[in-house]
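Reviewing the structure listed below.
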Amino acid sequence: MSGSPGETPAAVVGASADAIPRELQVLSEVAAAISAAVEVDHALSVVAGALRRGLGLASCRVWVRTPDGAAFRAVVAPGDPVPEEAARLTAQAWLDVERGADHANGIRRIPLQYEGERLGMLEAAEAPGSPARFADVVLTIVADILSPLLASLELSEDLASEVALRTREIEAQRRFTAKIIDTLPVGLYVIDRDYRIQAWNRKRETGTQGIVRDEALGRPVFEVLRRQPRDLLRREFDAVFDTGRIEQMEVESSASGEPRYYRLTKIPMRLNDTDVTHVITIGEDITEWKTVQQEIAQTEKLAAVGQLAAGVMHEINNPLATIGACLEALESRREDLDPGHQHIFDEYFRIMESELARCKRIVDGLLDFSRPKARAKKPVPVNQVVEDALFLVKHHDRFKGIRLVRQLADGLPKIEANAEQLIQAFLALMLNAIDAMEGKGVLTVSTATNPERSDEVMVTFSDTGVGITRDDLGKIFEPFFTTKLPGQGTGLGLSICYAVISEHRGRITVDSAVGRGSTFYVYLPVSTRQGDDA
Numbered sequence: 079m080s081g082s083p084g085e086t087p088a089a090v091v092g093a094s095a096d097a098i099p100r101e102l103q104v105l106s107e108v109a110a111a112i113s114a115a116v117e118v119d120h121a122l123s124v125v126a127g128a129l130r131r132g133l134g135l136a137s138c139r140v141w142v143r144t145p146d147g148a149a150f151r152a153v154v155a156p157g158d159p160v161p162e163e164a165a166r167l168t169a170q171a172w173l174d175v176e177r178g179a180d181h182a183n184g185i186r187r188i189p190l191q192y193e194g195e196r197l198g199m200l201e202a203a204e205a206p207g208s209p210a211r212f213a214d215v216v217l218t219i220v221a222d223i224l225s226p227l228l229a230s231l232e233l234s235e236d237l238a239s240e241v242a243l244r245t246r247e248i249e250a251q252r253r254f255t256a257k258i259i260d261t262l263p264v265g266l267y268v269i270d271r272d273y274r275i276q277a278w279n280r281k282r283e284t285g286t287q288g289i290v291r292d293e294a295l296g297r298p299v300f301e302v303l304r305r306q307p308r309d310l311l312r313r314e315f316d317a318v319f320d321t322g323r324i325e326q327m328e329v330e331s332s333a334s335g336e337p338r339y340y341r342l343t344k345i346p347m348r349l350n351d352t353d354v355t356h357v358i359t360i361g362e363d364i365t366e367w368k369t370v371q372q373e374i375a376q377t378e379k380l381a382a383v384g385q386l387a388a389g390v391m392h393e394i395n396n397p398l399a400t401i402g403a404c405l406e407a408l409e410s411r412r413e414d415l416d417p418g419h420q421h422i423f424d425e426y427f428r429i430m431e432s433e434l435a436r437c438k439r440i441v442d443g444l445l446d447f448s449r450p451k452a453r454a455k456k457p458v459p460v461n462q463v464v465e466d467a468l469f470l471v472k473h474h475d476r477f478k479g480i481r482l483v484r485q486l487a488d489g490l491p492k493i494e495a496n497a498e499q500l501i502q503a504f505l506a507l508m509l510n511a512i513d514a515m516e517g518k519g520v521l522t523v524s525t526a527t528n529p530e531r532s533d534e535v536m537v538t539f540s541d542t543g544v545g546i547t548r549d550d551l552g553k554i555f556e557p558f559f560t561t562k563l564p565g566q567g568t569g570l571g572l573s574i575c576y577a578v579i580s581e582h583r584g585r586i587t588v589d590s591a592v593g594r595g596s597t598f599y600v601y602l603p604v605s606t607r608q609g610d611d612a
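See below:
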């Protein structure tokens, strides 16, 4: 009996020493399988195989929760069959299995849970006669290792599903937006700061140039749109990049064989809400609208003529009444006059001639206002048009007391114009200025590029006359409005001038101060056909 107490500890220690390395080997294989895992089921299968071999188990399964959380599925060791009835457990059946854990029958079930959430279960069945004395410890350690792994994998799957869902939503939104842009009845393209095309919608593909999207995207816009001069197109884009303002213009094109009118709108785009990063250009065919507007304008002119017929008759009746009075006076004194009073006849005849000429001016002005304007235009140098108008005005009787200051800039681009119409408009502006100065003063005529828009030429006419009151400034372009004394003007000159400038897609503004004079600003668009002969 004396030796038996000493033998027992030695036997236990020996058994423990033999067992520990095997269990450590199992844990080492488990750790290696997890660290080398590429696909979760493969890693769990390797872990189950390592536990079965190392611990001498009859079977080993790892139950994991399905992505929808409604059931659990089994992953077994390589080569082990999964019974059909055990391949998947519903949530209720899972609870039954847990409650059925039976250590007495050699079934070990270790929960896999992380932060209080049940993720699965490690299930092992002992083989008959296997000395798995450390199985509970090893299974618990492996369960502690697998739990955070499964939690991270579920989180990764959730994130991957969320990313995939958001990606599909973004792609669907992108396709929807692209469809909207392609469906628009206007041509649209977008360039970046390097002037490269980043968007090109379907209407641009089917437009007059007919360039397909794949051939346009990524290329410099100057290589794709060659009809407009490169420098002019660059200035248009730079104006939007620099100022951040929307720029709009109308252009005329005969590329299709007949004149077409287009409205081009350049819109700044900011990706970072600070600097302008892109420019959106929208081209809209407004030919039909332009035609309708011209017809409406012509109809309005004719309507205005009808409404102002009474005023015209009043203007004409005054000189006619004067002529009639002179004729009656001549008739009543015909027998009493002798040759020495011939100067009386001469005086009356001069009056009648002057008044008849006035009637002719009123009628001619009315016709110029009402009849359609000639539309034939071509690139012309604006300085030449100004010089031709000056040549005519300098031979006018009212010009003799005027000092002319000419300030015409060199190298101006040509404008798209009908020279005869512009000469008529410029002549009307200068004669109006001469009348405002009552025949004495300084008339300054200048030309330059519009400092605010590089696609426009600016012509200014400044006088040192009496100026225009604030109340009259808003009415000076109305037909038959005049501040001149009765008999000195028809009130049609500025209205005709306004109509001519509008016909040329231009603008006219005025700046005036009573007692200091007036300045009229005429803005005319630059021709896109700079190379053509004038």
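Per the numbering used here, the sequence shown starts with residue 79, numbered consecutively. Positions of the beta carbon are idealized from the N, C-alpha and C atoms, including for glycine. All figures in this text were calculated on a predicted structure; none of them were measured in a lab.
Cβ neighbour criterion (16 or more within 10 Å) applied to residue i
| i | result |
| --- | --- |
| K455 | buried |
| A114 | exposed |
| P450 | Any reading at P450 needs caution, since the residue's pLDDT is 49, under 50, leaving its predicted position unreliable; the model's value is listed next. So P450 ends up on the exposed side. |
| K257 | exposed |
| S230 | exposed |
| G517 | exposed |
| R304 | exposed |
| G543 | buried |
| D541 | buried |
| F150 | buried |
| F504 | buried |
| V290 | exposed |
| P156 | exposed |
| Q499 | buried |
| G567 | Because G567 sits at a pLDDT of 47, beneath the cut-off of 50, its placement in the model cannot be relied upon, and the following sentence gives the value as read from the coordinates. That one is buried. |
| P159 | exposed |
| P337 | exposed |
| A403 | exposed |
| R282 | buried |
| A487 | exposed |
Alpha-carbon to alpha-carbon, residue j and residue i
| i | j | result |
| --- | --- | --- |
| P529 | H582 | 20 Å |
| I358 | I269 | 7 Å |
| Y293 | L311 | For the sequence presented, residue 293 should be read as Glu rather than Tyr. Using only the alpha carbons, I get a separation of about 20 Å. |
| W141 | R252 | 41 Å |
| V118 | V299 | 52 Å |
| E247 | S239 | 12 Å |
| S123 | P206 | 23 Å |
| R476 | M508 | 11 Å |
| V354 | E249 | 26 Å |
| V588 | V523 | 14 Å |
| G198 | P263 | 59 Å |
| V104 | S234 | 27 Å |
| K368 | Y339 | 7 Å |
| R308 | S532 | 13 Å |
| I223 | G127 | 16 Å |
| L129 | F254 | 54 Å |
| D466 | R428 | 31 Å |
Same chain, Cβ closer than 6 Å to residue i, neighbours up to 5 away in sequence not counted
| i | result |
| --- | --- |
| S590 | G545, I546, S596 |
| V537 | T525, V600 |
| Y273 | P298, V299 |
| A495 | K455, V458, H582 |
| R139 | A152, V154, E201 |
| G322 | P346, V354 |
| V125 | V108, A111 |
| L349 | T355 |
Neighbourhood of residue i by C-beta, 7 Å cutoff - its chain only, sequence neighbours within 5 removed
| i | result |
| --- | --- |
| G184 | A203, E204 |
| D214 | R186 |
| Y196 | Note that residue 196 is Arg in the sequence shown, not Tyr. If we look at R196 and ignore the five residues flanking it on each side, its Cβ neighbours are P189. |
| G584 | V600, Y601, L602, P603 |
| R484 | V523 |
| R143 | F150, L197, G198 |
Nearest-angstrom beta carbon gap, residue j and residue i [assumed within contact, 8 Å]
| i | j | result |
| --- | --- | --- |
| L295 | I360 | Incorrect: roughly 18 Å between the Cβ atoms, too far for contact. |
| T606 | V329 | 6 Å |
| I275 | V302 | 6 Å |
| V535 | L602 | 5 Å |
| R341 | E366 | Not really, about 12 Å apart at Cβ, beyond 8 Å. |
| L490 | V460 | 6 Å |
| F539 | F598 | 5 Å |
Chain-order list of residues whose beta-carbon lies under 8 Å from that of residue i (same chain, five-residue window excluded)
| i | result |
| --- | --- |
| A324 | One point to set straight first is that residue 324 is Ile, not Ala, in the sequence displayed. Excluding residues within five positions, the ones whose Cβ falls inside 8 Å are V318, T343, K344, I345, P346. |
| A506 | G571, L572, I574, C575 |
| Q306 | T606 |
| A407 | Y426 |
>> Quick check: the segment 107-116 against the segment 133-146, are at least 3 beta-carbon pairs closer than 8 Å?
In response: no
> Do three or more CB pairs link the segment 494-513 to the segment 464-474 at distances below 8 Å?
Replying inline: yes
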